[in-house]
């Protein structure tokens with residue numbers, strides 16, 4: 006069987022880890038395990054996994070801190086798998102940089118599908134190589150390195166913030182709805198309300214807008230979604246009310 010990727014599972018529940026490992030191995034993945042946060046971080050450094058499955062409640066260093074440290078050092082996707090299912094916990098996970106969040110008890114076929122969806126959204130170097138860099142005088146994006154410059158200064162974005170910006174830029178001239186952002190950035194199986202999108206748009210504006218309270222780059226279409234403003238480059242090109250099946254929407258895998 007061809008190995009589809011290397012997964013690091015950080016969880017102190019031994020029985021859960023055994024079951025999860027079996028399901029993921031049967032799906033074609035190599036699975037490494039760690040039972041505490043410190044060991045998990047060592048595995049991240051030494052093994053360079055394709056994705057990390059992370060419980061929030063683990064010994065020595067909790068999952069929240071592990072997620073934050075992973076995000077500070079790399080773009081490795083993080084999928085939180087935990088009993089902490091309150092909306093505030095989910096929000097905390099996404100704010101810290103998690104790419105997806107699933108609560109226990111876990112439906113294992115869904116877990117495998119979530120892993121596959123997150124990895125599909127993580128581009129290979131070859132995919133990034135084919136994309137031309139973007140710049141419009143105000144903002145510059147280098148797709149391969151996932152680096153962003155705003156008015157000549159480097160800005161550090163989380164992977165989720167970067168995917169939102171990429172989706173809006175690649176669909177400039179179109180309104181991207183809240184539902185489309187949820188699907189394209191978090192995946193078709195993710196269920197959440199618009200507050201998650203609004204929160205990340207707010208974080209993104211704080212990093213790239215000269216005045217976040219009066220944004221010029223990411224504009225809100227009230228009740229619908231957002232669009233990227235090309236300013237003088239495309240002054241009157243906005244198209245309203247398109248759907249996933251409409252011409253012009255770009256499938257974004259960033």
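In my numbering, the protein residues as written are 6 to 259.
Note that CB positions come from ideal geometry on N, CA and C, so glycine has one too.
A quick note: this is a predicted structure, and the numbers were derived from the prediction, not measured.
Which of the three DSSP states, helix, strand or coil, is assigned to residue i?
i           : result
residue 171 : helix
residue 298 : Given a span of 6 to 259 for the chain in the structure shown, any question on residue 298 remains unanswerable.
residue 71  : helix
residue 104 : coil
residue 206 : helix
residue 11  : strand
residue 21  : helix
residue 160 : strand
Using CA coordinates, which residue listed in the options is at the minimum distance from residue i?
i           : options            : result
residue 160 : 182, 28, 188, 211  : 211
residue 205 : 43, 165, 225       : 165
residue 122 : 104, 138, 112, 137 : 104
Compare the beta carbon distance of residue i and residue j with 9 Å and say whether it is the shorter of the two.
i           : j           : result
residue 184 : residue 228 : no
residue 140 : residue 177 : no
residue 60  : residue 85  : yes
residue 80  : residue 41  : no
residue 170 : residue 107 : no
residue 221 : residue 147 : no
residue 75  : residue 83  : yes
residue 21  : residue 89  : no
residue 25  : residue 116 : yes
residue 45  : residue 57  : yes
Which residues does DSSP list as the beta-bridge partners of residue i?
i           : result
residue 233 : 223
residue 85  : 59, 106
residue 144 : 155
residue 139 : 146
residue 49  : According to DSSP, residue 49 bridges with nothing at all.
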